[in-house]
Every structure is written in C-alpha cells, then in structure tokens.
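The structure under discussion appears below in the form of structure tokens.
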Amino acid sequence: MASAASTAMMGQEAKGPKVERMTVFGAGLMGAGIAQVGAQNGLKVVLSDVTDKALENGLTIISKSLARIAKKKQPDDIEGFTKAVMKNIETTTDATKAVENADLVVEAIIESLKVKRDLFGLLDKTAKESCIFASNTSSLSVKEIAESCQAARREKFAGLHFFNPMKLVEIIRTSETSEATFQALREVTVQMKKSPVSCKDTPGFIVNRLLVPYMLEAIRMVERGEATPEDVDTAMKLGAGYPMGPFELLDFVGLDTTSYISQGWAEKAEQGLISKELVQPIPMLEEMVKEGRMGRKSGKGFYDVSHDSC
Numbered sequence: 148m149a150s151a152a153s154t155a156m157m158g159q160e161a162k163g164p165k166v167e168r169m170t171v172f173g174a175g176l177m178g179a180g181i182a183q184v185g186a187q188n189g190l191k192v193v194l195s196d197v198t199d200k201a202l203e204n205g206l207t208i209i210s211k212s213l214a215r216i217a218k219k220k221q222p223d224d225i226e227g228f229t230k231a232v233m234k235n236i237e238t239t240t241d242a243t244k245a246v247e248n249a250d251l252v253v254e255a256i257i258e259s260l261k262v263k264r265d266l267f268g269l270l271d272k273t274a275k276e277s278c279i280f281a282s283n284t285s286s287l288s289v290k291e292i293a294e295s296c297q298a299a300r301r302e303k304f305a306g307l308h309f310f311n312p313m314k315l316v317e318i319i320r321t322s323e324t325s326e327a328t329f330q331a332l333r334e335v336t337v338q339m340k341k342s343p344v345s346c347k348d349t350p351g352f353i354v355n356r357l358l359v360p361y362m363l364e365a366i367r368m369v370e371r372g373e374a375t376p377e378d379v380d381t382a383m384k385l386g387a388g389y390p391m392g393p394f395e396l397l398d399f400v401g402l403d404t405t406s407y408i409s410q411g412w413a414e415k416a417e418q419g420l421i422s423k424e425l426v427q428p429i430p431m432l433e434e435m436v437k438e439g440r441m442g443r444k445s446g447k448g449f450y451d452v453s454h455d456s457c
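Throughout, my numbering is defined as the position within the sequence shown, counted from one, plus 147.
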C-alpha cells in the first residue's frame, strides 16, 4: 500500500510542472496568435524571430487583434486593455537568450523538418532542464523533430498544434513524451482558454488526417468535371451541416499549404503509414499553386476575393 507521501508525489508528477513563462519562436500569424493568448491569460511571454522587422510585424498583429477584442470586452479603455496585455510580452532576436527562463518553448516557424531540428538542437543546449519543448507542426513527425535533442529532453517534448483563432489544440504525444509533460501542456492550454485533445504522433494527427483527404477528394471531383466548387461547397454546408465547404476551406488554409502537406504524406505512404490513394498527386492543385493562386492569402484560389473589402 502506498504511503501518503508517495501518493502525494505521484499526484504531483501526474499533474506536471507549472508553466508560467513561455517562449514562442516565429512571429507570423500563428506565432503571434499563440503569444497573444498566452499573454492575455497570465503568462509571461517572449516572442522571438530572426529579424527585428519580423518581430515588429508580430507585435502589430497582436496589438490590432487586442484592439478588436477590447472593443467588445473593454470599450471604454481600449488602450488600457491593450497595454496591460502587451506588458506581458518581450521580444528578442537572440534565440539562446529567449529561452533562458522559459518553462515552455513553442515553435511556430517554417514547416521544414531540418529548420525545426536545427532550432531545437540549439535550444536544447541552453534551455533549463525542466523546460518543455513543443512544436506547432501540422504535418511533420514530432518524434523526428525531437530527435535533434538529447534523450533527457525527449520526454519533455510534444506537439502542440494550435488552430487559431479557434479554441482547439491538439497535444501530440510521442512514444517518449512523459505523462507529466502531457499534463503540464493540458493545464497551460486550458489556462489559455483553449480546448485540448490528445493524439498519437501519426500523420496529420486528428484534424488534418481527416480533413486533408476530404479536401483533396473535393478537388478531384472538380478536376473530373463531376461538380463545380460552388455546388460542392453548397452541398456540404446544407447537406452535411459543415460551416464551410471544402473549397472555401482550401482557400482559407492555402492551396500551397495543402499541397505541401500532401507531398509530405506521400513519403509516409511509401513507409506504409498512410494509404497511397489518399495522397495521389492532383495536377489541378499543383497547377494552381504554380500560377500563384494560393487562396485568400493571394486574393485568388478557387474563389476570387481580391476585391473583398473584408
């Protein structure tokens, strides 16, 4: 029978270390969004990127977002609300300095295995032993990224896939991720007003594993001349109750991003980790990407929103 002391220790281990200081690498839309929700909910945040210009852009993204929120939450003092949150955010281009006091590092940089591995390999040498590492990757193997770190760090390594501005966060556990690490990530994401779900380190995790094949098959339908993008979107919204049709979603996600994920999964298909039929190349998609029709980010994808005032 376990003693009271050992039971208390077991409970503490399961609960996981408290995250109070978070460092976010990547000051783009996703990284800025992660930094913002952390700062809004009591975390001390360091936002890091390779250039001062990138950091300035990230802070602009955050301040504009906070102003929109303040109009609803604190309309009489928009500036005060924004300043209070921004006080919790520091910036630096010095990667090693950025993690000196971090309890959690979240990486939201380019979707490249080599670049991510290089970053975490560097940080592993300077971050404190208790610091948790998390990648916001949407398509790469978390375990393969974690292999850039020493063995002791890998139990503190997981995926933390945010879906800003939505509430969902996928916490991806590798075979080495400890229960304490998982619980710490669960607690901090709940603190950030997000809804965490757990999944194993498999291609696409939960959402993309189901969503990407769905979007790819929608493109194939149009490529075969079976329906138009407009009719497919209408059918899925009215017939399946989806808030957004697959082509609206493709434009929102980015056709280049979808293509990149599909190409990455093709390698996993060769390893038998995913069905080859799901990721067969689609000439229509590749041609649109070559033409610069990336979706909303470029103004044109399956829909033309270049004159959209929104």
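Idealized CB from N, CA, C, for every residue including glycine.
Assign residue 257 to buried or exposed, taking buried as 16 or more other Cβ atoms, counted over all protein chains shown, within 10 Å of its Cβ.
-> Walking along the sequence shown from the start, residue 257 turns up at place 110. Classification for residue 257: exposed.
Three-state secondary structure (DSSP) at residue 428?
-> Translated into positions along the sequence shown, residue 428 becomes position 281. Under the three-state reduction of DSSP, residue 428 is assigned to coil, being neither helix nor strand.
Identify whether residue 442 lies in helix, strand or coil by the three-state DSSP scheme.
-> As a first step, residue 442 must be located in the sequence shown, where it is residue number 295. In the structure shown, residue 442 sits in a strand (DSSP, three-state: E or B).
Which residues in the same chain have their Cβ closer than 7 Å to the Cβ of residue 421, if we skip the five residues on either side of it in sequence?
-> In the sequence shown, counting from the first residue as 1, residue 421 sits at position 274. Within the same chain, Cβ atoms closer than 7 Å to the Cβ of residue 421 are found at 350, 412, 415, the five residues on either side in sequence being excluded.
Where do the N-terminal and C-terminal ends of the beta strand (DSSP E) with residue 343 fall, by residue?
-> Here the question's residue 343 lines up with position 196 in the sequence shown. Residues 342-347.
Using alpha carbons as the reference points, say which of 255, 179, 429, 171 lies closest to residue 370.
-> For the purposes of this step, residue 370 is taken as residue 223 along the sequence shown, with counting starting at 1. Of 255, 179, 429, 171, the residue nearest in Cα terms is 429.
From 217, 255, 377, 197, pick the residue whose C-alpha is nearest to that of residue 233; which is it?
-> Taking the first residue of the sequence shown as 1, we reach residue 233 at position 86. For residue 233, the nearest C-alpha among the options comes from 217.
Spatially closest choice to residue 406 from 328, 178, 436, 250, by CA coordinates | Taking the first residue of the sequence shown as 1, we reach residue 406 at position 259. It is 436.
Within 10 angstroms of the Cβ of residue 439, are there 16 or more other Cβ atoms? Answer buried if so, exposed if not.
-> In the sequence shown, counting from the first residue as 1, residue 439 sits at position 292. Exposed, by the Cβ-count rule.
Classification of residue 380 by the beta-carbon crowding that lies within 10 angstroms, buried from 16 upward = As a first step, residue 380 is located in the sequence shown; it is residue number 233 there, counting from the start. Under this definition residue 380 is a buried residue.
If we call anything under 9 Å between Cβ atoms a contact, is residue 168 one with residue 283?
-> Residue mapping note: residue 168 aligns to position 21 of the sequence shown, counting from 1. Residue mapping note: residue 283 aligns to position 136 of the sequence shown, counting from 1. Cβ distance not < 9 Å, so residue 168 and residue 283 don't count as in contact.
Would you please verify whether the beta carbon of residue 264 is less than 9 Å from any beta carbon of chain B?
-> Protein chains in the displayed structure number just one, and chain B is not present.
Which residues share a DSSP beta bridge with residue 254?
-> By 1-based counting over the sequence shown, the position of residue 254 is 107. Partner(s): 172, 282.
In three-state DSSP terms, what is residue 156?
-> Residue numbering aside, residue 156 sits at position 9 when the sequence shown is read from its first letter. Residue confidence is low: residue 156 scores 43 on pLDDT, short of 50, so the model does not pin down where it sits. Its coordinate-derived value is still stated next. If DSSP states are grouped into helix, strand and coil, residue 156 belongs with the helices.
Please name the residue or residues paired with residue 320 in a DSSP beta bridge.
-> On the sequence shown, residue 320 is found 173 positions in, with the first residue counted as 1. DSSP output for residue 320 lists 347 as bridge partner(s).
Between which two residues does the beta strand (DSSP E) harbouring residue 399 extend?
-> In the sequence shown, residue 399 corresponds to position 252, counting from 1. Run containing residue 399: none in the beta strand (DSSP E); it sits in the alpha helix (DSSP H), 393-400.
Three CB pairs or more closer than 8 Å across the stretch 343-363 and the stretch 189-197 = no
So, helix, strand or coil for residue 212, using DSSP?
-> The residue labelled residue 212 in the question sits at position 65 within the sequence shown. The answer is helix: DSSP assigns residue 212 an H, G or I state.
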